[in-house]
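Inspection log for the structure reproduced underneath, given as structure tokens.
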Amino acid sequence: MTPHREHDPERTLPEPLASTRRTARPRAEVAGTLGRYRIVRPLGSGAQGDLFEAVRDDIQRRVAIKVARSSSQDAAERLTREARILARLEHPGLAQVYELGHTPDGAPFLAMELIEGDSLQEELDEVGRFEPVDAVRAMVEALDILAVTHSEGVLHRDVKPANLIRARPDRHGHRRVRLVDFGIGVVDDDRRITGATELIGTPAYIAPERLTPHLGPDPRVDVYSAGVTLFVLLTGTLPYVGRGRELFEQVLFAPPPRVRDRVPSLPDGLDEVVARAMEKQRALRFSSAYSMREALERFL
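Numbered per the working numbering, the sequence shown finishes at 479, counting up by one with no gaps.
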């Protein structure tokens with residue numbers, strides 16, 4: 180059989196990409212104040228920047244401050260892009276943006292809503308794997324957010340359990356799932372922006388076509404990552420394991436594993452939803468986050 184053109188096995192595989200996996204400790208030199216904000220404590224760190232809790236004392240507002248790792252033009256573009264993306268979107272599952280500024284040494288920072296809660300990755304580390312109904316409910320909420328971002332021409336490009344936060348209970352006791360970290364997101368109407376086509380993200384969650392240079396960004400890259408995320412929540416394991424070229428080759432060519440092979444007690448039909456979201460050929464996936472959400476709602 181002739182290989183599908185989206186995944187030509189004769190082409191050259193890319194070099195290992197820059198991961199956006201968070202590390203535990205942000206840089207220590209950010210302390211004191213940033214503009215109108217008093218730094219309270221570090222919250223974490225990622226490939227693109229460091230996150231802190233801070234307070235704007237004059238109005239007693241607690242915020243999250245993301246500080247870019249450098250004062251380079253690329254760092255400024257990334258943080259400015261994230262600020263503009265969040266500012267143009269309206270959904271209760273997204274953080275509000277308050278201000279874009281610069282540290283004394285010139286590094287850009289973003290002040291935004293502080294979302295308190297645990298990431299789905301943190302919950303997964305504690306429980307091993309989610310019960311199917313809990314995994315589905317979390318992904319339905321995540322896909323609802325993605326449907327809105329896609330309708331506004333915004334692709335997240337790094338959907339994974341660590342970027343999905345189950346917030347503190349609201350007044351009705353509900354812990355809404357919220358999507359964070361648009362640092363490598365891309366806006367459909369601005370292909371000139373730095374990072375629109377570069378290979379960056381979390382390797383295990385990257386869609387196969389993102390390893391194919393001639394294919395541009397498409398909302399189905401987020402559908403694929405949502406499928407991998409649901410696979411991980413249901414099984415407690417990644418579908419593919421490896422590093423660099425080994426992992427890329429699995430993502431491109433290895434038969435996708437099935438959830439039912441790892442969790443035999445899965446509700447009928449749920450395995451097929453995950454498998455469709457993780458199809459290697461994007462034309463065979465759900466056409467949108469909305470259609471994947473609809474397919475999952477019957478399991479609630």
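All C-beta atoms in this analysis are idealised placements derived from N, C-alpha and C, irrespective of residue type, glycine included.
- Nearest Cα to T212 within the set F231, L303, G421, S224: F231.
- With contacts defined by Cβ atoms closer than 7 Å, A462 and H329 do not form a contacting pair.
- In chain order, R267, L268 place their CB closer than 8 Å to the CB of E331, counting only its own chain and leaving out the 5 sequence neighbours on each side.
- Judged by their CB atoms, T408 and P311 are not nearer to each other than the 7 Å cut-off.
- Taking a contact as a CB-CB distance under 8 Å, the pair L412 and F309 counts as one, their CB atoms being some 5 Å apart.
- For the pair V234 and R241, the Cα-to-Cα distance works out to about 4 Å.
- Each of V219, L265, A314 was checked against the Cα of E302, and the nearest Cα belongs to A314.
- Residue pairing for R422: DSSP places it in no beta bridge.
- Relative to D284, the option among E388, V246, G223 whose CA is nearest is V246.
- With contact defined as three or more Cβ pairs closer than 8 Å, the stretch 292–300 and the stretch 339–356 are in contact.
- Between A456 and F465 a beta carbon distance of about 6 Å is seen, short of the 8 Å cut, so the two are scored as contacting.
- Residue nearest to F288 within the set A274, T381, A243 is A243 (criterion: CA-CA distance).
- Distance from the CA of D401 to the CA of V219, rounded to the nearest whole angstrom, comes to 34 Å.
- For M471, the secondary structure class from DSSP, reduced to helix, strand or coil, is helix.
- Put simply, the backbone Cα of S404 is about 37 Å away from that of Q239.
- Apart from the 5 residues on each side of it in sequence, L417 sits with its Cβ closer than 7 Å to the Cβ of A383, V411 in its chain, given in chain order.
- Counting only residues of its own chain and dropping the five nearest sequence neighbours on each side, A433 has a CB closer than 8 Å to the CB of Y419.
- Note: P221 is bridge-paired with F231 in the DSSP secondary-structure output.
- Under the three-state reduction of DSSP output, F288 falls in the strand class.
- In summary, G423 is exposed, with fewer than 16 beta-carbon neighbours lying within 10 Å of its beta-carbon over all protein chains present.
- Classified as buried, G272 has 16 or more neighbouring CB atoms from the shown chains inside 10 Å of its CB.
- Where V306 is concerned, the enclosing alpha helix (DSSP H) starts and stops at 299–306.
- Collapsing the DSSP output to three states places L213 in a strand.
- Measuring C-alpha to C-alpha distances from A274 to each of G214, L358, H335 identifies L358 as the nearest.
- Per DSSP, the beta-bridge partners of E278 are A290.
- For I385, no alpha helix (DSSP H) segment is defined, and its DSSP state is neither H nor E.
- When only Cα atoms are considered, G228 and R217 end up about 18 Å apart.
- Secondary structure of G406 (DSSP, three-state): helix.
- Here the alpha carbons of S444 and L258 stand approximately 43 Å from one another.
- When DSSP states are grouped into helix, strand and coil, V338 belongs to the coil group.
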